[in-house]
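Read through the structure below, which is laid out as structure tokens, and then see the notes.
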Ligand SMILES: [Zn+2]
Ligand SMILES: [Zn+2]
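Residue numbers (the working numbering): 1 to 301.
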């Protein structure tokens with residue numbers, strides 16, 4: 001199974017020289033199991049836009065010939081905050097007749113997922129409605145305790161503490177490897193005690209790669225204690241509690257420059273004491289190959 005990051009930023013997209021190495025697009029990750037035809041996409045943040053170009057065969061400089069091929073994809077959305085859905089209107093594959101997009105996301109109490117998507121993607125917020133897109137799009141609401149099995153891929157769903165609506169985490173298993181995606185995680189007030197929500201621990205359970213919220217330092221968390229996120233040190237706590245083999249810090253704060261993220265990565269590695277085998281700070285274009293249980297890094301962008 002191959003995991004490639006196209007949007008790694010939390011909350012708000014950013015651009016400029018301070019963010020050129022890690023990237024400024026919001027949450028979007030491509031997961032490619034072996035021998036499974038549909039692409040698996042985690043979240044629809046602004047990273048969906050460069051992912052669309054990548055799937056069309058263009059490189060980061062938009063060089064190459066655009067293939068304009070339709071896409072068959074299963075898309076798992078953690079929750080409906082802007083930074084996780086805003087890329088959909090700008091995804092070229094969504095406007096191709098033979099594309100088939102199956103979107104799974106958190107069920108809403110008063111409205112169907114279909115109504116919610118229609119609300120955010122319709123005039124006056126956007127000139128084109130979601131149903132005007134040419135792709136065949138289906139939406140499926142999840143409560144957060146499902147296991148979805150499709151040929152050689154299993155997706156386990158869990159509820160994750162966050163703020164402002166039901167939030168899901170996903171565990172994808174295939175080819176004897178596993179990746180767990182917890183993009184937004186409200187750290188507990190007593191996070192330094194090592195407490196981790198049991199659902200989270202069960203989802204992480206010895207996974208090969210944990211992609212986890214690493215938004216704040218200690219002071220930022222104290223200032224934004226109920227904003228729905230956690231410290232990068234807490235990401236390490238979660239990885240250790242669930243015995244993850246590797247950890248990718250994700251959902252970088254829009255105020256964290258490349259240099260700050262370098263420092264964060266170094267400090268988390270220092271605190272690790274070797275328990276988690278590999279620790280990364282996710283960056284746009286980074287690929288982690290989980291085949292053979294060894295994370296081998298390369299870059300597609
Ligand atoms: Zn977010
Ligand atoms: Zn959120």
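Glycine included, C-beta positions come from ideal geometry on N, C-alpha and C.
Q. Between the C-alpha atoms of residue 223 and residue 199, what's the straight-line distance to the nearest angstrom?
A. 26 Å
(Q) Looking at the strands, I want to know which residues DSSP matches up with residue 104. (A) 76 and 140
**Q.** Cross-strand partners of residue 158 (DSSP beta bridge)
**A.** 169
Q.
Am I right that residue 106 and residue 168 are in contact with their C-beta atoms under 8 Å? What's the rounded C-beta distance?
A. 5 Å
Q: Could you give the DSSP three-state label for residue 63: helix, strand or coil?
A: coil
Q. Residue 271 lies in the beta strand (DSSP E); which residues open and close that run?
A. Here residue 271 belongs to no beta strand (DSSP E); instead the alpha helix (DSSP H) covers 258-272.
Q: Note the first and the last residue of the continuous beta strand (DSSP E) segment covering residue 251.
A: Per DSSP, residue 251 belongs to no beta strand (DSSP E) and is neither H nor E.
Q: Pick helix, strand or coil for residue 296, following the three-state DSSP scheme.
A: Low per-residue confidence applies at residue 296: pLDDT is 49, beneath 50, and the placement is therefore not dependable, though the value from the model is reported in the following sentence. Strand at residue 296.
Q | Residue span of the alpha helix (DSSP H) that contains residue 232, given as start and end | A | 232-241
Q | Any non-hydrogen atom of ligand 1 closer than 6 Å to residue 10 Cβ | A | yes
Q. Within this structure, are the beta carbons of residue 31 and residue 24 separated by less than 7 Å?
A. no
Q: Give me the Cα-Cα distance between residue 58 and residue 91, rounded to the nearest whole angstrom.
A: 14 Å
Q. Under a Cβ-count criterion, where at least 16 other Cβ atoms within 10 Å of its own Cβ denotes burial, should residue 285 be classed as buried or exposed?
A. buried
Q | Whole-angstrom distance between residue 240 and residue 249, CA atom to CA atom | A | 14 Å
Q.
Mapping the DSSP letters down to three states, classify residue 282 as helix, strand or coil.
A. coil
Q. How many Å lie between residue 2 and residue 34 at the Cα?
A. 8 Å
Q) Taking only runs of the alpha helix (DSSP H) that begin and end inside the region 175-214, which ones reach a length of at least 4 residues, in chain order? A) 198-204
Q: Report the rounded CA-to-CA distance for residue 296 versus residue 173, giving the unit in angstroms.
A: Residue confidence is low: residue 296 scores 49 on pLDDT, short of 50, so the model does not pin down where it sits. Its coordinate-derived value is still stated next. Computed Cα separation, rounded: 18 Å.
Q: With DSSP as the reference, label residue 146 as helix, strand or coil.
A: coil
Q: Give every residue of the same chain whose Cβ lies closer than 7 Å to the Cβ of residue 196, excluding the five residues on either side of it in the sequence, and list them in chain order.
A: 237, 238 and 241
Q. How about residue 243 and residue 206: do their beta carbons lie closer than 7 Å?
A. yes
(Q) Helix, strand or coil, according to DSSP, for residue 133 in the structure here? (A) coil
Q.
At the level of alpha carbons, what is the spacing between residue 54 and residue 273?
A. 37 Å
(Q) Let's test the definition: count the other Cβ atoms within 10 Å of the Cβ of residue 66 and tell me whether it reaches 16, buried, or not, exposed. (A) exposed
Q. What first and last residue would you give for the beta strand (DSSP E) that runs through residue 39?
A. 39-42
Q. Where residue 177 and residue 192 are concerned, what is the direct C-alpha to C-alpha distance, given to the nearest angstrom?
A. 30 Å
Q: Can you tell me the Cβ-Cβ gap for residue 137 and residue 113, rounded? I've got them flagged as a contact below 8 Å.
A: In fact, because the Cβ distance is near 11 Å, the residues do not count as touching under 8 Å.
**Q.** Inter-residue spacing [alpha-carbon to alpha-carbon] between residue 208 and residue 83
**A.** 26 Å
Q. Since residue 185 and residue 162 are thought to touch, with beta carbons under 8 Å apart, how far apart are those beta carbons, to the nearest angstrom?
A. 7 Å
Q: Answer yes or no: the CB of residue 185 versus the heavy atoms of ligand 2, is any distance below 6 Å?
A: no
**Q.** Proximal residues to residue 117 (C-beta, below 7 Å), its chain only, five neighbours per side dropped
**A.** 130 and 139
(Q) When you compare the CB positions of residue 170 and residue 36, do they come within less than 7 Å of one another, or not? (A) no
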